[in-house]
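K.L.:
Structure provided below as structure tokens; questions to follow.
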Amino acid sequence: LPDARSAAAASLGRLRLLGVVFRGGKAQAYLALDKNNVIAHSGDTVFGQFTVDKVTVDAVELRDLQSNTLRRIPVSGK
């Protein structure tokens, strides 16, 4: 599993948080991976590889589905 973890860490490292907005009281994260962009809510699976665990004003937490590796991406400027 060390190879899966390092591959997950590499993919998670390429993820960028473009912003967080709130619509109707629900947080949405704008995420980018390489040249792909997505809007996601907590509980969504993005890029076929990650689950969005939590979206807050300060950060987004994502989990790699294969290795269970977690990454917290802070909102820029926070």
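Under our numbering, the first residue of the sequence shown is numbered -1, with each subsequent residue one higher. Cβ coordinates follow ideal geometry from the N, Cα and C atoms, glycine included. Remember, predicted model here, so these are calculated numbers, not experimental data.
#1: Pull up the DSSP beta-bridge partners for GLY23, would you.
#2: On the premise that ASP51 lies in contact with ALA6, defined as a C-beta separation below 8 Å, what is that separation, rounded to the nearest angstrom?
#3: What would DSSP say about GLY11, mapped onto helix, strand or coil?
#4: Let me know if LEU16 comes out buried or exposed under the rule of 16 or more other beta-carbons within 10 Å of its beta-carbon.
#5: In angstroms, rounded to a whole number, what distance separates the CA positions of LYS24 and SER9?
#6: With DSSP collapsed to three states, give me the class of ASP62.
#7: Write down the C-beta distance between LYS29 and ARG14 rounded to the nearest angstrom, noting that I regard them as a contact closer than 8 Å.
#8: Classify ASP1 as helix, strand or coil using the three-state DSSP reduction.
P.N.:
Put simply:
#1: By 1-based counting over the sequence shown, the position of residue 23 is 25. Bridge partners of GLY23: none, in fact.
#2: Counted from its first residue, the sequence shown places residue 6 at position 8. Counted from its first residue, the sequence shown places residue 51 at position 53. Taking a contact as a CB-CB distance under 8 Å, the pair ALA6 and ASP51 does not count as one, their CB atoms being some 14 Å apart.
#3: Taking the sequence shown and counting its residues from 1, the one referred to as residue 11 is at position 13. Helix, per DSSP.
#4: Along the sequence shown, read from residue 1 onward, the residue named residue 16 stands at position 18. Flag for LEU16 reads exposed.
#5: Along the sequence shown, read from residue 1 onward, the residue named residue 24 stands at position 26. Along the sequence shown, read from residue 1 onward, the residue named residue 9 stands at position 11. LYS24 and SER9: Cα-Cα distance of roughly 26 Å.
#6: For the purposes of this step, residue 62 is identified with residue 64 of the sequence shown, where counting begins at 1. Strand.
#7: On the sequence shown, residue 29 is found 31 positions in, with the first residue counted as 1. On the sequence shown, residue 14 is found 16 positions in, with the first residue counted as 1. Position check: residue 29 holds Leu in this sequence, whereas Lys was assumed. Between ARG14 and LEU29 the Cβ distance is about 7 Å, and since that is below 8 Å, they are a contact.
#8: Taking the first residue of the sequence shown as 1, we reach residue 1 at position 3. DSSP places ASP1 in helix when its eight states are reduced to three.
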